[in-house]
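Some notes on the structure that comes next.
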Amino acid sequence: MTLTKKMTLPRLPSLLAKLHHSNEFLKVFSIGALLTSITAWVVVMMVSTKAPVVLTFDQSAKPMNQTALPAIDQEVSSAIKAYVSKRYNWEPKTVNQRLVEANAFILPQSRKVFEQALLETVQFATAREVTQRAYTHDVQVSLTEKTALILGDRISAIQGLKAAGDLKVLLSFDYGPRTPENPWGIYITKEKEEQ
2 MTLTKKMTLP RLPSLLAKLH HSNEFLKVFS IGALLTSITA WVVVMMVSTK APVVLTFDQS
62 AKPMNQTALP AIDQEVSSAI KAYVSKRYNW EPKTVNQRLV EANAFILPQS RKVFEQALLE
122 TVQFATAREV TQRAYTHDVQ VSLTEKTALI LGDRISAIQG LKAAGDLKVL LSFDYGPRTP
182 ENPWGIYITK EKEEQ
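Written out as structure tokens, the structure reads:
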């Protein structure tokens, strides 16, 4: 009688070979993922450091030419003129509305003081039917001192009687957030009328 025994290979070497093959695959996959991540990071850094492309169009979709930014003193002067046009140009019916519009040029922490200071003006203008117009001739801006001297003419009418006089106002200003009502971000901190 012959004994036949079927020989089987041990399973351990076969499993080790498969595991070794899996580890090689994982190493190659990890290196590929690392290279892809580095490439993506380099591309993101290159794209994020480029200056943005800004295209400007007018209302009829025609390209507009790019110009340099205006000088700071011109921006301050423009903001001061807008403030003066709201603060010093009113009629009895619109005095309250115009001074509320001028409120956009006052910092939020100073608005209560501004409103109280102009309360007497509102009452006087409505009671005596006062109309006032101001025309600025010159705005002298000092960026170091943060002041602006407004020179111009003021025309007042009290119950139909008109009087003209000089307008000379020294304004102190500060910088703040830009808003739709105050796109310059210039805020009046102190106002002093000079004679």
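Residues 2 to 196 in the numbering used here are what the sequence shown lists, from first letter to last. Where a beta carbon is used, it is the ideal one built from N, C-alpha and C, also for glycine.
Taking just the CA atoms, how far does residue j sit from residue i?
i	j	result
Leu144	Val131	35 Å
Tyr136	Gly186	23 Å
Glu25	Leu35	15 Å
Phe106	Ala41	47 Å
Thr122	Gln141	26 Å
Val170	Lys193	6 Å
Ser173	Thr148	4 Å
Leu27	Ile39	18 Å
Ser61	Ser78	30 Å
Thr190	Phe125	24 Å
For the beta strand (DSSP E) containing residue i, name the first residue and the last one.
i	result
Gln133	Val131 to Ser143
Val170	Leu162 to Tyr176
Taking only three categories from DSSP, how would you classify residue i?
i	result
Leu35	helix
Tyr188	strand
Arg155	strand
Thr180	coil
Thr122	helix
Leu150	strand
Pro53	coil
Pro64	strand
The alpha helix (DSSP H) with residue i in it runs from where to where?
i	result
Tyr84	Ile73 to Arg88
Leu100	Val96 to Ala103
Bridge partners for residue i per DSSP, in chain order?
i	result
Lys193	Leu171
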